[in-house]
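With the first letter of the sequence shown counted as 1, position 454 gets the number 1913 in our numbering; the numbers rise by one all the way through.
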Amino acid sequence: MSSIPIEKGLENSSPHQREQANYLTVDWSLKSWLTTGDHKRIGIMYLISISFFFLLGGISAGLIRYELTSPAGRVLESETYNKIFSAHGILMIFTFLVVAIPAVFGNFLLPLMIGARDLAFPRLNLMSWYLYMIGGTLILGGMINGGVDSGWTFYVPYSSMYANSNIALVIVGIFFGGFSSITTGINFIVTTHKMRAPGMTWFRLPLFVWAMYATSVVIILGTPVVAITLLLIVFERVFQLPIFSPELGGDPVLFQHLFWFYSHPAVYIMILPAFGIQSELIANFARKRIFGYHFVAFSTLAIAGLGFLVWGHHMFISSQSMYQGIVFSLISFLVAVPSAVKIFNWTATLYKGNIRLTSPMIYALSFIGLFTVGGLTGLFLGSLGTNVHLTNTYFIVAHFHYVMVGGSLTAFLGALHYWWPKMTGRLYSESLAKWNAVLVFVGFNLTFFPQFVMGWMGMPRRYHYYYFAPEYQPYHLMSTAGASVLALGLIIPGFYLLKSLANGPKASANPWGAHGLEWETASPPVTTNFEQTPIVMDEVYDFDPVLEHEQAQARKALEPTGYEGYEPGALAEPKKDESDLGGKS
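In C-alpha cells, the structure reads:
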C-alpha cells in the first residue's frame, strides 16, 4: 500500500536513530511500561499476560488427558477432576480465547493499519489491561482457594445453591474481564471511525480492521448481558434472592437463555478476529487481492448480527418449545452461509496465486481445513434430530475445539509468526517455524478427531470414570498421545521466538514483502508509529504482478540460510560471513 509523504516511518534515518526511537527502546524502566499509553506496549503486555494464563490452561488440559487414559482414572478424585476441567474451560475461554487476538494484535496493529498515531483513548486502553489483570488475579485466587467445579458454563441451580467451591470470586473476576473487553471494543470503534489516515476509506481498510470492528460491536452488545447474568448468580448465592434457582422460586431456563444469548456471540468474538488474520495471511502470501473483498467484509458484519439470533440451539434438550427449536435450527443453518462465503473467497484467492509456503501461510492453510471440519460438524449440532443424540457427548468437545483451537489458536499462531518481525524487529528461524506449524496441525487432529468418534458412539463429556464402557479407552489413549504432540508444537515456538530476541537477525521494515501501512514504518515501529501522517493512495492488497515476478526471481537466488522464507532484503543489515570476521573458522 503506497502512501504520501515519501518518508515512510524512519526509512530515511540512520539505523542508530531508528533503534533509539522505537517503542521498545525509548524507555526501559518498569514504570514506563506500567504507565504507558502506547498501544504497542499495551499489546505486548497483553501478550505476556495471556501467555501466562494459556500456560495454566494448558497444564490443566494435560492433567485431564492423563487422567482419562484409564477408565477408572489415574491420580485425581472426582471432585478434583471437576475442578480441573472447570479451570481449563474458564482459563482458556475467559482469559485467553475471548481476549487474545483483539487485545494483542488488535491493540498493536489497528492504529498502524489505519495510519493513526495511537488508539482514540490511550488511558482507557491501559485501564483495560489493568481490569484484565485484576480479573485474572481474582479468577486464579478463586481457583487456588477452593476452586470451581461447575464447569465454565456455571449452570444453575448447582452453581447458585449446591456447589461448595469458590464460584463467587471467580465470577467477579470474569466480571472485571468483561469490562476490560468492553473498554477495548469502545476504543476500537471510535478509532476506526475517527482516526483513519487521509485516503483510508472504508473499502480501503484491511479486512483485519473490518473483523476487529465487527468483534467490537459484538463485545459491546453482548458482554454486559453475561456480566450481569453471572453477577446475579453471586447475588442469588450470597443473598438467597429468587432469580434462577427453582428452590427459591427462580427459573433455571432463564439463566440458560441469558447465558447463551452472550455465549454464542462469544464464539464470534473468538473467531471473527481470526477471520481477519486469515484474510491478511491469504492475501499477502498468495500475492493477490482477496477475491470478493466486499463480500468478505459484509459477511463479517452479517456473522456479527446473525450470531445474536441462534443462542437457542444450545437448549434443544431444555424446556424450550419444539417450535422455538425449529426456528433456532433454521437460523443456525443460515449463519453458516456468511462463514461459507469466507471459506470460498479465501480458496478462490489461492487459485492461481503466487503462493508462498511460509510458516504463517501454513497456519492459514491449517485454519481453512480445521475450521471447515468444525463448521461442518456444527451442522449436526444445529439440527434437532442429531443434536438430541450428540449433545453432552465428546462430539461437542471435538466440535468446539476444532472451531476454537483449530480456528482461533491457529490464527493466533499465524499472526504471531507473521507480525513478530514487526513487533520485535527480529527474524526467527523460518525453516524451524514451518516444521512446527505442521507439527501443530498433526497434533491437533490426533488429539480431537478421535473425540468425534467417541461422541458418535455415545461417550458422555465431563465424566471422570468410564469403567462402564472400557471400549472408549483406545480413543482416549489416541487423544492423549495427540495432546502430547500438540503440546510440543505449542512449546517449541516459545524457544525459537525468544531466541530470536536474543540473537535473531534484525528485520527490515517489510521482511515479507507484504502490503499495508503497518509495513511502511520501521521494525519495530517508532513511538508515534509514523514520522508523518501517511496519505493512502492505492487500494488494499494491490499487488503488482511484474514486481512479484522480479521478487520471485531474486528469492530463487538466495542461498539457504534458515531465513529463506522471508523476502530479499528482509534483513535490516547484511549478515557478515566468516571472512568479515577475520577468517575465523
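We treat Cβ as the ideally placed atom computed from N, Cα and C, and that holds for glycine.
- In the structure shown, R1500 falls within a helical segment according to DSSP collapsed to helix, strand and coil.
- Counting only residues of its own chain and dropping the five nearest sequence neighbours on each side, N1851 has a CB closer than 7 Å to the CB of P1919, R1920.
- In this structure L1740 touches Y1877 by the C-beta definition: roughly 6 Å separates them, less than 8 Å.
- The DSSP assignment places no complete run of the beta strand (DSSP E) inside the region 1710–1777 (cut-off: 3 residues).
- With a beta-carbon spacing of about 13 Å, F1792 and G1784 fall beyond the 8 Å limit used to define contacts.
- DSSP, reduced to helix, strand and coil, places A1966 within a strand of the structure shown.
- The region 1864–1950 is shown to contain whole alpha helix (DSSP H) runs of 4 or more residues at 1869–1883, 1889–1916, in chain order.
- Check the Cα spacing between E1930 and each of V1985, V1912, F1580, M1586: the tightest is with V1912.
- The way I'd put it, the region 1535–1549 doesn't touch the region 1937–1952; fewer than three beta-carbon pairs between them come closer than 8 Å.
- Here DSSP, grouped into helix, strand and coil, assigns I1994 to strand.
- Within its own chain, the residues whose Cβ lies closer than 8 Å to the Cβ of L1765, once the five positions on either side in sequence are excluded, are I1790, L1793, V1794, P1797, listed in chain order.
- Here the region 1636–1650 lies against the region 1666–1680, with 3 or more beta-carbon pairs under 8 Å apart.
- In the structure shown, the three-state DSSP call for V1985 is strand.
- Put simply, of M1882, A1961, G1914 the residue whose alpha carbon is nearest the alpha carbon of T1986 is M1882.
- Using a 10 angstroms sphere on the CB of M1572, the tally of other CB atoms reaches 16 or more, which defines it as buried.
- Only buried fits A1870, as 16 or more other CB atoms lie within 10 angstroms of its CB.
- Taking C-beta separations shorter than 7 Å and ignoring five residues to either side along the sequence, the partners of W1611 in its chain run S1545, G1548, I1549, I1552, following chain order.
- Counting along the chain, G1833 sits inside the alpha helix (DSSP H) bounded by residues 1818–1841.
- Per the C-alpha coordinates, the member of I1543, V1563, M1671 positioned closest to D1608 is I1543.
- Residue environment for P1933: exposed (fewer than 16 other C-beta atoms within 10 angstroms of its C-beta).
- Rounded to the nearest angstrom, the Cβ distance from T1808 to K1747 is 5 Å, consistent with a contact under 8 Å.
- Of all alpha-carbon atoms in K1893, N1962, G1884, the one lying nearest the alpha-carbon of N1481 is that of G1884.
- The DSSP assignment places no complete beta strand (DSSP E) segment of no fewer than 3 residues inside the region 1613–1639.
- Annotated three-state conformation of T1852 is strand, per DSSP.
- When the alpha-carbon of F1830 is set against those of R1500, R1576, P1880, F1907, the nearest one is in F1907.
- Secondary structure at N1481: strand, using DSSP grouped into helix, strand and coil.
- Straight across, the Cα-Cα distance linking P1993 with T1939 is about 51 Å.
- By a beta-carbon distance limit of 8 Å, G1601 contacts V1629. Their separation comes to about 4 Å.
- Of the candidates F1757, V1726, N1895, E1889, the residue whose Cα lies closest to the Cα of V1864 is V1726.
- By alpha-carbon distance to R1696, the top candidate from R1533, S1619, E1706, N1988 is S1619.
- Between the alpha carbons of V1668 and G1735 lies a gap of roughly 7 Å.
- With distances taken between CA atoms, G1841 lies nearest to W1770 out of W1770, A1973, T1494.
- 8 Å or more divides the Cβ of L1578 from the Cβ of N1625.
- G1595 sits away from T1539, with the two beta carbons spaced by 8 Å or more.
- With 16 or more other Cβ atoms from the protein chains shown falling within 10 Å of its own Cβ, E1979 counts as buried.
- Spatial neighbours of L1535 in its own chain (CB-CB distance under 8 Å, excluding positions within 5 residues in sequence) are listed in chain order as L1522, E1526, I1543, H1923.
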